[in-house]
Amino acid sequence: MTLRSWASAFALRRARRWVLRRVRARPGLGLEKIGTAYGGWVVPTRLMDGTWVCYSGGVGEDASFDLGIIERFGCSVFAFDPTPRAIAFAEPLAAGEPRFVFVPVGLWSSDTTLRFYRPRNPEHVSHSVVNLQRTGEWFEAPCRSVSSLMAELGHPSIDLLKVDIEGAEHAVIASVLEAGIRPRVVCFEVDQPVGPLRFVRTIRRVLKAGYDLVAVDGWNFTFVRQDETRAADDSSTGAGADQPESGRAAGSDPRITFGVIVLNGEPFTRYTLRSLYPFAHEIVVVEGAAPAAHNIATADGHSRDGTLAELRRFKAEEDPEGKVTIVTAEDDGHVDGWWQGEKDEQSRAYAKRATGDYLWQVDIDEFYRAEEMARVVDMLRDDSTITAVTFKQLTFWGGLGYRTDGWYLRRGATYYHRLFRWGPGYEYAAHRPPTVLDSRGRDLRDGHWISGERLARQGIHLYHYSLLLPKQVIEKCDYYGNLTRLKRPAAVAWAQDAFLRLGRPYRVHNVYDFPSWLERYKGPHPEQVTRMVEDLAADRPGELRDTADIERLLSAWWYPLGRQLLILLEPVDRRIRAVQRPLVRFGRRNGRRARRLARRVLRKAVRLARRLAGERASPS
């Protein structure tokens, strides 16, 4: 493989991954493959019926898809293929099936006559107008545009367009969309070889025309018009847009269950619960430790700073409406007091007790401003189709006047999935990242998902105080240092060196593999956080971090210059890493091959040397 061909293949793999990330599962469409493994296509069976008019470009010698949808739905199929072998195959089928109409022309972007080049393998039937396989033999045949065929056949619109035409799909799809033709379903194969830019350009063109990518089968892509997917989503819930699966009608007050996991949550506990209480239908707090937290928990798996006692005090003294439920491992059958796993079980413990219309996950050091929470509640009230909400966090560091930013946060970690629709049969699937599935097993972020970018533009954030207090940071780093899957063995050393004494000014975030920095913050804070810090300053000032060194750092002339340089370098590093990863894999793979080859050559050389030595030692 040459460097050029390797680079092209690598770029195409990257492009394909980009496309696959845009597939959205749509169970309401009834997606199913009709036809053989070779000639079949995935289509939305719940949309199709006998009124549909389907255009099928490229028949070859496999009409299993065309005949399959005729047999199953009773629709009309108009098939097009000018290849001699395809004509010999399809015309007898059309004579025996009136709903299968065969027209011996090729599809193209205009009405013209083109050369069709044969494939390299003479047993293959498909010919190509773009000469995909670079052969020299061809025949000429008439080609028609889809719009011209529709006018001749008397079809003001078509319901399905399937295109399998050996490289001509890019020109045909572009011409169809430019002509304003919008079939309800578009299926096409991207024939190989294809350049990554052309591939992505065609996919993007269809997406921008108002289609959702709903299925990928090899290099076969199925798109459904967005109005059809939305209608299918609504019908699949058994209700319209005003009546989501959770059963809450639009305009009614949403019932929110807040789910909280906590271990050693002091001094945040009471202030966090107070901030949630006015907006809560219920608050389910799961207290206790997973095995990785053994260094910072009691022998029986509970908080060692009095958090459990504080939770019980809050419920006794500040819970007049009985909203708070406290859950420990013992309540879920773990007699030793320890939660198993790594937070998945704890998250499921509050989820299975939730009775609200929405499940809102909150860590004990996460807050929202009351007016911003009210706006989120209003949004849920006004639009009952919302299935998930993500927030952009602001991470505070050492005091209320400082926040941290960095490469790790800018690469997606600043966005937290926190709010999910909830109802019977729903499942909390995973804690990292938080993932909730509805009763049909669909990820709620595949539905009507409100992104963190959108909320941030509206001034709604998650205020995260995860790096505020020394006690909190040391315990957090001890836990992450013992959590094998996160690979942060130096977390405690980072806490001592970078947080307590600010010895690493450009590695201030606890994910220390990436550069990070400090910035001043002059914006507002949630009321309960301000009150907590004021109470600590009055009663327990030793729990607050001294900020004199932060002030000196931010006042230094060189620090903002380094920060700006890191900001400029972040996108450069991101691109380098994107290229580096496959290069490393390529190097490892080919390095192993080179070592194997060297060993074989060495063994042969040794055997040859031994034979030569034996010949010289023998008598002449």
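Going by this note's numbering, the letters in the sequence shown line up with residues 676 to 1295, in that order. Cβ coordinates follow ideal geometry from the N, Cα and C atoms, glycine included. As the structure is a prediction and not an experimental result, all values here were calculated from the model.
Anticipated Cβ contact below 8 Å, residue i with residue j, distance rounded
i        : j        : result
Ala-763  : Ser-731  : The Cβ separation is near 17 Å, so there is no contact.
Trp-1014 : Gly-940  : Not really, about 15 Å apart at Cβ, beyond 8 Å.
Arg-1115 : Pro-702  : 5 Å
Leu-789  : Asp-866  : No, Leu-789 and Asp-866 are not in contact; Cβ-Cβ is about 16 Å, not under 8 Å.
Leu-888  : Arg-697  : 5 Å
Tyr-1154 : Ala-968  : 5 Å
Gly-1076 : Tyr-1196 : 6 Å
Sequence-distant residues of its chain with Cβ nearer than 7 Å to residue i (five each side left out)
i        : result
His-1106 : Lys-1018, Asp-1019 and Ser-1022
Lys-990  : Val-999 and Ile-1001
Trp-693  : Val-875
Tyr-713  : Asp-737
Leu-1211 : Pro-942, Glu-1218 and Leu-1219
Gly-743  : Ile-709 and Gly-710
Phe-748  : Met-723, Asp-724, Gly-725 and Trp-727
Backbone secondary structure at residue i - three-state DSSP
i        : result
Ile-931  : strand
Lys-837  : strand
Thr-720  : coil
Leu-1241 : helix
Gly-771  : helix
Arg-1078 : strand
Arg-696  : coil
Asp-1019 : helix
Ala-843  : coil
Arg-790  : strand
Ser-943  : In the sequence on display, residue 943 carries Phe and not Ser. Here Phe-943 sits in coil by DSSP.
Val-804  : coil
Span separating the alpha-carbon of residue i from that of residue j
i        : j        : result
Val-1167 : His-845  : 55 Å
Gly-715  : Gly-1098 : 37 Å
Arg-1093 : Arg-876  : 34 Å
Glu-1226 : Gln-901  : 53 Å
Glu-766  : Phe-777  : 7 Å
Asp-1224 : Gly-1073 : 10 Å
Ala-1231 : Arg-1086 : 27 Å
Asp-1006 : Glu-985  : 18 Å
Arg-689  : Lys-708  : 26 Å
Leu-646  : Ala-1029 : Examination of residue 646 is not possible in this model, given that the chain is present from 676 through 1295 alone.
Gly-771  : Asp-756  : 18 Å
Trp-681  : Ala-1253 : 15 Å
Ala-1284 : Arg-1278 : 10 Å
Pro-919  : Tyr-1101 : Low local confidence applies: a pLDDT of 46 at Pro-919 is under 50, so the model's placement there is unreliable, with the coordinate-based value given in what follows. The alpha-carbon atoms of Pro-919 and Tyr-1101 are separated by roughly 13 Å.
Leu-1312 : Leu-1219 : Because the chain here runs from 676 to 1295, residue 1312 falls outside it and cannot be looked at.
Cys-729  : Leu-824  : 12 Å
Arg-1078 : His-1136 : 14 Å
Asp-1118 : Pro-995  : 36 Å
Ser-683  : Arg-691  : 12 Å
Leu-1287 : Arg-1270 : 26 Å
Arg-879  : Val-847  : 15 Å
Val-899  : Leu-836  : 11 Å
Val-648  : Phe-1174 : The first residue shown for the chain is 676 and the last is 1295, placing residue 648 beyond what the model contains.
Glu-1202 : Val-881  : 48 Å
Arg-1249 : Trp-894  : 28 Å
Leu-695  : Ile-971  : 42 Å
Ala-965  : Val-1010 : 14 Å
Val-1037 : Ala-826  : 59 Å
Residues near residue i by beta carbon distance below 6 Å, same chain, minus five either side
i        : result
Val-819  : First, the amino acid is wrong: residue 819 is Arg here, not Val. Contacts found: Val-780 and Asp-786.
Arg-930  : His-956, Gly-1031 and Asp-1032
Ala-914  : Residue confidence is low: Ala-914 scores 40 on pLDDT, short of 50, so the model does not pin down where it sits. No coordinate-derived value is stated.
Tyr-1140 : Asp-1040 and Phe-1071
Leu-948  : Phe-989
Tyr-1318 : The requested residue 1318 does not occur in the structure, where the chain is confined to residues 676 to 1295.
Gly-1178 : Asp-1172
Phe-1095 : Leu-1034, Ala-1063, Val-1111 and Leu-1119
Val-959  : Gly-934, Thr-1000, Tyr-1025 and Arg-1028
Glu-1150 : Asn-939 and Ile-971
Residues of its chain near residue i, where Cβ-Cβ distance is below 8 Å and the 5 sequence neighbours each way are ignored
i        : result
Ala-854  : Ser-820, Val-821 and Ser-822
Ala-1049 : Phe-954
Arg-1176 : Asp-1224
Leu-1228 : Leu-1177, Pro-1180, Leu-1193 and Tyr-1234
Phe-791  : Pro-757, Thr-758, Gly-781, His-802, Ser-803, Val-804, Trp-813, Phe-814, Glu-815 and Ala-816
Arg-873  : His-845
Any non-hydrogen atom of the ligand FMN within 7 Å of residue i CB
i       : result
Val-935 : For the structure depicted, the ligand FMN is absent and the ligand set is empty, with no information on it obtainable.
(request) Mind listing, in chain order, the continuous alpha helix (DSSP H) runs of no fewer than 4 residues lying wholly within the region 1088-1156? (result) 1127-1132 and 1145-1156
(request) At 4 residues or longer, and completely inside the region 1170-1229: list those alpha helix (DSSP H) runs for me, N to C. (result) 1202-1214
(message) Restricting to runs no shorter than 3 residues, where is the beta strand (DSSP E) found entirely within the region 852-909?
(response) 860-864, 886-892 and 895-900
(message) Restricting to runs no shorter than 3 residues, where is the beta strand (DSSP E) found entirely within the region 808-834?
(response) 813-819
(message) So within the region 995-1080, which uninterrupted alpha helix (DSSP H) runs reach at least 4 residues, ignoring any that extend past its ends?
(response) 1019-1026 and 1045-1057
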